[in-house]
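In structure tokens:
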């Protein structure tokens, strides 16, 4: 897929936590690390990746140290297109307003997420579940 993609933090986390290498989320995370498709981040989204992956409870599950989390986030950032978010209408999930603002930055962007509120939004033509994206 050549359309630039925003990958929600929940997809990155699920890709890291799954023990199924063929799971869509694992394939997405591996593809991001291999720069297999263009993906977009903002400084806020990178900070969220770092913050969420660095949470102690998640650390006990994924087993990465804070230094390893930082290495992962830096590796993702190296392959990403960094965009500045723009003003956008309220997101269906207020905690994901930064994703909505990033999605509004360019009309050719799509969002890959596991968040049901975002998947069911008015912008659902631009919002895909991980399995839909990988099948696409």
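Residue numbers (the numbering used here): -15 to 120.
All C-beta atoms, glycine included, are put in the ideal place defined by N, C-alpha and C.
Outcome for residue i when other beta-carbon atoms lying within 10 angstroms are tallied against a minimum of 16
i, result
"residue 66", "exposed"
"residue 27", "exposed"
"residue 51", "exposed"
"residue -7", "buried"
"residue 12", "buried"
Span separating the alpha-carbon of residue i from that of residue j
i, j, result
"residue 36", "residue 10", "17 Å"
"residue -5", "residue 99", "9 Å"
"residue 107", "residue 84", "10 Å"
"residue 86", "residue 8", "23 Å"
Option in the options with minimal Cα separation from residue i
i, options, result
"residue 48", "-3, 14, 8 and 16", "-3"
"residue 105", "74, 43 and -14", "74"
"residue 189", "-11, 91 and 68", "Given that the chain is displayed from residue -15 to residue 120, the structure contains no residue 189 and the question cannot be resolved."
"residue 18", "90, 63 and 88", "63"
"residue 14", "24, 46, -1 and 3", "-1"
Sub-8 Å separation of residue i and residue j beta-carbons
i, j, result
"residue 101", "residue 77", "yes"
Mind listing, in chain order, the continuous beta strand (DSSP E) runs of no fewer than 3 residues lying wholly within the region 63 to 116?
94 to 96
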